[in-house]
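Asks:
Number of protein chains: 2
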Amino acid sequence: MFMGASTKKGYDIASKSRKIVRSLIENKIRHLSPQERSIIERIVHSTADTEYADITKMSGDFVSESIDSIVKGKDILTDINMVKVGINKYFGDIKCYINHENTVELAQKENITRTAAAMKIAMFEGFEGIVVIGNSPTALFEVLNLVEDHEMKVQSVVGVPVGFVGAAESKKALQKSKIPHLVTEGPKGGTPVAVAVVNSLINLKKEF
Amino acid sequence: MFMGASTKKGYDIASKSRKIVRSLIENKIRHLSPQERSIIERIVHSTADTEYADITKMSGDFVSESIDSIVKGKDILTDINMVKVGINKYFGDIKCYINHENTVELAQKENITRTAAAMKIAMFEGFEGIVVIGNSPTALFEVLNLVEDHEMKVQSVVGVPVGFVGAAESKKALQKSKIPHLVTEGPKGGTPVAVAVVNSLINLKKEF
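So the sequences go chain by chain: V and Y.
Numbering-wise, the first sequence is residues 1 to 208 according to my numbering.
Numbering-wise, the second sequence is residues 1 to 208 according to my numbering.
Here is the structure:
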């Protein structure tokens, strides 16, 4: 059903919410494609924060590359388990290596964060697909390095880390790269934003 | 370690972030207890949204009742799995009945949402402890009804559902009740806020 709803009551609430969201932000997103508008509406639905209509930016190839990856059933890689758990109804694999047996050891050895080490583990494991960073700026910087060094096969990046230390900078760096991407400019972002984007991409065929 | 960090690098970032957060909101939360300030700082750290220093409100007994429940190892009940997964290092049980075998059937039978039905299932299963609502206003309304009818044993409620349909109203209703509570007034809230509050409560002894 619509936007994760599994009952009539849930569907009614989601529909009403979507109408309210649309009325609040339609002027801000009028210039975007229907798919891009749908993604941003779902972010605002999930966060109740209309500022996301201003700060969410996508490269022109983000939607097409992401849907291509999803249609092909490639992996989705998340930085933390909260993001993984929120993604619904994907027939491919959703990977998160934060609790992999080698992650902490690698992080300590290289003096990097656990989430950054988890990106390296993903690369060692042959990851290919969409990277979804909902929390960790250092994980996003690591992905940018690994792609630049041609070590990681990334079709698109949902780059919405959150916080006052490095998040804005990591998203600027992603925007400067050639990787198809979605970012939330500035310090804001987080798990619900990341989850909203990916679930919206998975549902895009049904919604249009 | 501090605020979920498991490496030196992660600890350094969390410490730096906490200092920035403190400088941004200290004037707004000066009148609160050290424990209450710590909870709000962690919410702002997790969301990068200083508005939470204005809209987060706790009843005077929220911290003491919540810590009492945690010390006694009582259950923590969440509305959705994303919230459950984000809670770290609790030695008691964290329950979520959204995927329980009877939840969807009960929701359809009573024409309620799945998250509201999950609260009823928790009650049938003998839940006692802290209720954490990170997403669903209908789940929060259900808890208020069940407590009013003396059917559910709730020591405190973290009531931070999000959205434009019912969230603000459900939190107002919680504030009017006698249940020890924390809310975020208005439509904002969500998983990271809920998780920040509970992890802060679990860590409070260590932080002070």
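Using N, Cα and C, we set each Cβ at its ideal position, and we do this for glycine too.
Can you check whether the C-beta of V:I70 is within less than 8 Å of a C-beta belonging to chain Y?
Replies: Not closer than 8 Å to any Cβ of chain Y, the Cβ of V:I70 fails to qualify, so no.
Asks: Does the distance from the C-beta atom of V:G166 to that of Y:A48 stay below 8 Å?
Replies: No, the pair does not count as a contact, with Cβ atoms beyond the cut-off.
Asks: Measure the Cβ-Cβ separation of Y:E185 and Y:I55 and say whether it is below 8 Å.
Replies: Cβ atoms of Y:E185 and Y:I55: closer than 8 Å.
Asks: Of the choices Y:A5, Y:I112, Y:L174, whose alpha-carbon is the least far from that of Y:K89?
Replies: That would be Y:A5, whose Cα lies nearest to the Cα of Y:K89.
Asks: Which residues in chain V have a C-beta closer than 7 Å to the C-beta of Y:G86? List them in chain order.
Replies: Within chain V, the residues near Y:G86 are M82.
Asks: Which word fits V:P187, buried or exposed, when buried means at least 16 other C-beta atoms lie within 10 angstroms of its C-beta?
Replies: Buried, because 16 or more other Cβ atoms sit within 10 Å of the Cβ of V:P187.
Asks: Closest by CA to V:M119, which one among V:E169, V:M152, V:T191?
Replies: Ranking the options by Cα distance to V:M119, first place goes to V:M152.
Asks: So if DSSP puts V:S23 in a beta bridge, which residue, or which two residues, is it bridged to?
Replies: V:S23 is not bridged to any residue.
Asks: Among Y:V21, Y:E110, Y:N135, which one has its Cα closest to the Cα of Y:M82?
Replies: The candidate whose alpha carbon is nearest that of Y:M82 is Y:N135.
Asks: Under a Cβ-count criterion, where at least 16 other Cβ atoms within 10 Å of its own Cβ denotes burial, should Y:S46 be classed as buried or exposed?
Replies: So Y:S46 ends up on the buried side.
Asks: For V:K57 versus V:V183, is the C-beta spacing smaller than 8 Å?
Replies: Yes, the Cβ-Cβ distance between V:K57 and V:V183 is below 8 Å.
Asks: So what does DSSP say about V:F208, is it helix, strand or coil?
Replies: Note that V:F208 scores a pLDDT of 41, beneath 50, so its modelled location is shaky and nothing firm can be said.
Asks: Which residues bound the beta strand (DSSP E) around V:H181?
Replies: It spans 181 to 184 - the beta strand (DSSP E) in which V:H181 sits, taken as one unbroken run.
Asks: Using only alpha-carbon positions, find the residue among V:M123, V:G92, V:D93 that is nearest to V:N102.
Replies: Of the listed residues, the one whose Cα sits closest to V:N102 is V:M123.
Asks: Pull up the CB-CB distance for V:I43 and V:I130, whole angstroms please, since I reckon it's below 8 Å.
Replies: In fact, because the Cβ distance is near 16 Å, the residues do not count as touching under 8 Å.
Asks: Do Y:V63 and Y:E41 count as a contact pair if the criterion is CB distance below 8 Å?
Replies: Contact: no.
Asks: Please determine, among V:I112, V:N99, V:E105, the residue with the shortest C-alpha to C-alpha distance to V:K84.
Replies: Here the closest residue by C-alpha is V:N99.
Asks: Who are the neighbours of Y:A167 on chain V, taking C-beta pairs under 9 Å?
Replies: Those within 9 Å of Y:A167 in chain V are A48.
Asks: Does Y:G189 pass the burial test, meaning 16 or more other C-beta atoms within 10 Å, or should it be called exposed?
Replies: Buried, by the Cβ-count rule.
Asks: Can you give me the start and stop residues for the beta strand (DSSP E) that Y:G159 sits inside?
Replies: Start and end: 153 to 159.
Asks: What would DSSP say about Y:V165, mapped onto helix, strand or coil?
Replies: In the structure shown, Y:V165 sits in coil (DSSP, three-state: anything other than H, G, I, E or B).
Asks: Under 8 Å between C-beta atoms, does V:K120 make it to chain Y?
Replies: So, not an interface residue.
Asks: So which of Y:I94, Y:I67, Y:S59, Y:E105 has the shortest CA-CA distance to Y:D79?
Replies: Of the candidates Y:I94, Y:I67, Y:S59, Y:E105, the one whose C-alpha sits nearest the C-alpha of Y:D79 is Y:I94.
Asks: Is V:G10 helix, strand or coil when you go by DSSP?
Replies: Looking at V:G10 - three-state DSSP - the assignment turns out to be helix.
Asks: Relative to the alpha-carbon of Y:I67, which residue among Y:E36, Y:A53, Y:I133 has its alpha-carbon at the smallest distance?
Replies: The candidate whose alpha carbon is nearest that of Y:I67 is Y:E36.
Asks: According to DSSP, Y:L77 sits in a beta bridge with which residue or residues?
Replies: Paired residue(s): Y:K95, Y:V131.
Asks: Beta-carbon separation of V:I39 and V:V197 under 8 Å?
Replies: In contact: V:I39 and V:V197 (Cβ atoms closer than 8 Å).
Asks: Just how far apart, CA to CA, sit V:E110 and V:S156?
Replies: About 26 Å.
Asks: For V:V160, which option in V:V71, V:R114, V:H181 has the closest C-alpha, if you only look at C-alpha atoms?
Replies: Answer by Cα proximity: V:H181.
Asks: Starting from V:K120, follow the alpha helix (DSSP H) in both directions and report where the run begins and ends.
Replies: That run of the alpha helix (DSSP H) goes 114 to 124.
Asks: Give the C-beta separation of V:V195 and V:G86 to the nearest angstrom, bearing in mind that I take them to be a contact with Cβ-Cβ under 8 Å.
Replies: Right, their Cβ atoms sit about 3 Å apart.
Asks: Where does V:K172 fall in DSSP's three states?
Replies: Here V:K172 sits in helix by DSSP.
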